[in-house]
Every structure is written in C-alpha cells, then in structure tokens.
Amino acid sequence: MTKKVLLVEDEPHIVEALTFILGREGLTVETLDNGTEVIDRLSQDPVDLVILDYMLPELSGLEILTRIREHPNLAELPVLMLTAKGQTKDREAAESAGVSRFMTKPFANSEIVQTAKELLG
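For the sequence shown, our numbering puts the final residue at 1359, and the numbers step up evenly by one.
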C-alpha cells in the first residue's frame, strides 16, 4: 500500500520540488497551500505523514500542529515541520507543540527523503 503524505506549503517551487522527489520514492503527495483546510482534510481522508511549513497564510504551522495534536484521531500522526525560521525559539515552540521533526530551509533533497522515510517507519 502506498504511503500518503500531506504537504502544507505555500511556496510553489518547494511544492513542486517536494512533490517530485517524494513521488519518485513511491509516495503519494497531496498538497494544500494554507492551513485553514488541514484538519478537515485529515479528518476526511487520513494520511501517513504531514509535512508542514512553519510560516503559512491565515494559520501558522504552529497553530496547525497544535490543532493536530489536540485532535483525538490525529494526535499520533507524524509531522515534519519545515521552516526558514531556524531560531532556537522557533524550534522549541514546535517541539513544545509536539512536532515529530523540525527541518530548516534550505534542505538537501536526500535529507528530506530520509527523514520522511524514518517518520513513515
């Protein structure tokens, strides 16, 4: 069975690149460009991994992560947070909210593939 990834990212170039490299690894990648639909989307059709941008329009990745962790059916879902904000306080906030992994941009393709595979088991 193919593993499904939900990529929540508002930068089109990053969406295109990650969709390609993760798809090449046999993963099905679905995308959203803002956080307002994430919880509804995850409740309707479960995925195996969420890759979540920290800075998104309308709702931040941190707010989305908090909602995921508060939802009883999603609390254990692996979440990889990507961010251009690599400051310690941002990492600590994400860790406090329950992020599975935290990765700063720019990142190596091999690094994101390996991390996704680890989180998917």
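Just so it is clear, CB atoms sit at the ideal spot from N, CA and C, and this is done for glycine as well.
Residue i: first and last residue of the uninterrupted alpha helix (DSSP H) it sits in
i	result
E1308	1299 to 1308
V1351	1347 to 1358
K1327	1326 to 1335
Burial state of residue i, where buried means 16 or more other Cβ atoms lie within 10 Å
i	result
E1247	buried
D1278	exposed
G1359	exposed
P1284	exposed
P1310	exposed
Cα-Cα separation between residue i and residue j, rounded to whole angstroms
i	j	result
Q1325	E1263	30 Å
Other residues of its chain near residue i: CB distance less than 6 Å, five sequence neighbours each side excluded
i	result
A1322	K1343
D1271	D1248
Close-in-space but distant-in-sequence residues of the same chain around residue i (CB under 8 Å, 5 per side omitted)
i	result
Y1292	S1298, G1299, L1300, M1319, L1320, T1321, A1322, K1323, D1328, A1332
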